[in-house]
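For reference, the structure discussed in these notes is given below.
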Amino acid sequence: MNKLNTIDGETLMSRPLQPLNFVVDTLISQGLHILAGSPKVGKSWLALWLAVAVAKGEPVWGMQVKQGTTLYLCLEDSQLRIQNRLFDVTEDAPANVHFCTESRILGDGLTEQLEQFLSEHPDTSLIIIDTLQMIRGTNYDNTYANDYRDLSALKHLADTHRIAILLIHHLRKEKADDVFNRISGTTAISGAVDASFTLVEEQRGSGRAKLSCIGRDIEYRELELRRNADNVWEVTADSYQQPELLGSKVVVLLSALLQNRSQFIGTPTELAQRIDPVGTEGITPKNVSKKILQSVEALSNAGITAVIRRSNGKRLIDLRRADSADNAGARTADPVDPATAAVTPRVGQQEARRELIPCQTERPPLGRKTHPRVGQA
46 MNKLNTIDGE TLMSRPLQPL NFVVDTLISQ GLHILAGSPK VGKSWLALWL
96 AVAVAKGEPV WGMQVKQGTT LYLCLEDSQL RIQNRLFDVT EDAPANVHFC
146 TESRILGDGL TEQLEQFLSE HPDTSLIIID TLQMIRGTNY DNTYANDYRD
196 LSALKHLADT HRIAILLIHH LRKEKADDVF NRISGTTAIS GAVDASFTLV
246 EEQRGSGRAK LSCIGRDIEY RELELRRNAD NVWEVTADSY QQPELLGSKV
296 VVLLSALLQN RSQFIGTPTE LAQRIDPVGT EGITPKNVSK KILQSVEALS
346 NAGITAVIRR SNGKRLIDLR RADSADNAGA RTADPVDPAT AAVTPRVGQQ
396 EARRELIPCQ TERPPLGRKT HPRVGQA
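Per the numbering used here, the sequence shown starts with residue 46, numbered consecutively.
The structure is reproduced here in structure tokens:
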């Protein structure tokens, strides 16, 4: 049996990780998603418009998109129907939106077909499958295990390639207090996807609907939609409120901190007190570490390098200006406590420890720059 590949909490809280890709900012992230609605409610119109908008790089309801190749498996339609709809939703369809009216099914070649498309179009950002039922075959056994197995295969594909896959599906006719409980199939469908969207019309033929959104990486959200004369769904109301960009605040505050100094080494508590002493910016010891790790690229663009590590049993944040003399010889420290390291360090480690331990008391060699103590101005 292969050994479990684990990561300890201390290391995880000190490691910058690549953030999620959002195909549609704050709404559709990388991963597997499902859009469910009643028959003929306008799901396919919405899917077609979305595929074209992302391919063209046009905002979706005011939200920025990650432009890229899109693939729309319109398995219940013909090329003639798609062509007629394209003339409604856009004046000019780009060459990087692709349509397919036939495909294999799950477990019988579909994932291999999608892998082949992705290898030929590595800039793909969105795949839409309309509908989920069409890629399951006529002899599909509707059980929890089968639902989870099928959707897990698609989720693995989306996660591996860091793209979004959107499945078009149906709602049950029965009413429910929670609209997401009306998604057809077992609860494995809602459990396996990263986000669920339901499109429910106010009244049949009214052209007005509510899009309810819930997911692991998005906030619960309701959008009131109106279908215009070109069959494009437009937003008339949105429950989502843009959160304060705390990550951007951290970049600004750290840039100000390092404006007149080349380096800061201190604990999260000391850093939070230094850049937000009265708490007006909402900076806390917990979120300052998190936001630094999630803003490594933005900090780098601002000329700041950041390392979170442990020394003498404390978590330290090491910030350096990119144009400082110190930074030229900076080393990335492993997130471990040097006090627990071997008594006799390996060749080359002694100098690294002298540079990185902020509470060094010995007198440095002549001509060597010294670093401030923890929390020192």
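Glycine is no exception: its CB is placed at the ideal position from the N, C-alpha and C atoms.
Just so we're clear, the structure is a prediction, and the values are computed from it rather than from any experiment.
Secondary structure note for V341: its alpha helix (DSSP H) is the uninterrupted segment V341 to N346.
Residue state for D175 is assigned as strand, using DSSP reduced to three classes. Annotation: S307 to R365 spans about 6 Å, alpha carbon to alpha carbon. Ranked by how close their Cα comes to the Cα of V245, the residues A81, E160, Q109 and R181 have A81 in first place. Less than 7 Å divides the Cβ of I320 from the Cβ of L298. R217 carries a coil assignment under DSSP once its states are collapsed to helix, strand and coil. For the set P61, N50, G76 and V134, the Cα lying nearest the Cα of A237 is the one of G76.
About 15 Å separates the Cβ atoms of V341 and L316, ruling out a contact at the 8 Å cut-off. Straight-line measurement puts the Cα of Q124 at about 21 Å from the Cα of G182.
For A351, DSSP records a beta bridge to L364. Per DSSP, the continuous beta strand (DSSP E) segment holding V68 begins and ends at F67 to V69.
Runs of the beta strand (DSSP E) lying entirely within the segment 137–175, each at least 3 residues long, are 142–145 and 169–175 in chain order.
Spanning the alpha carbons of L177 and S229 requires a straight line of approximately 10 Å. Counting the other CB atoms within 10 Å of its CB gives Y117 a total of 16 or more, which places it among the buried residues. Buried is the label assigned to F242, since at least 16 other Cβ atoms lie within 10 Å of its Cβ. Here DSSP, grouped into helix, strand and coil, assigns E279 to strand. At the C-beta level, L171 and A209 come within 7 Å of one another. A Cβ-Cβ distance of about 10 Å is found for the pair T156 and L163, leaving them out of contact under the 8 Å criterion. Between the alpha carbons of E103 and I127 lies a distance of about 20 Å. DSSP places T183 outside any alpha helix (DSSP H), giving it a letter other than H or E.
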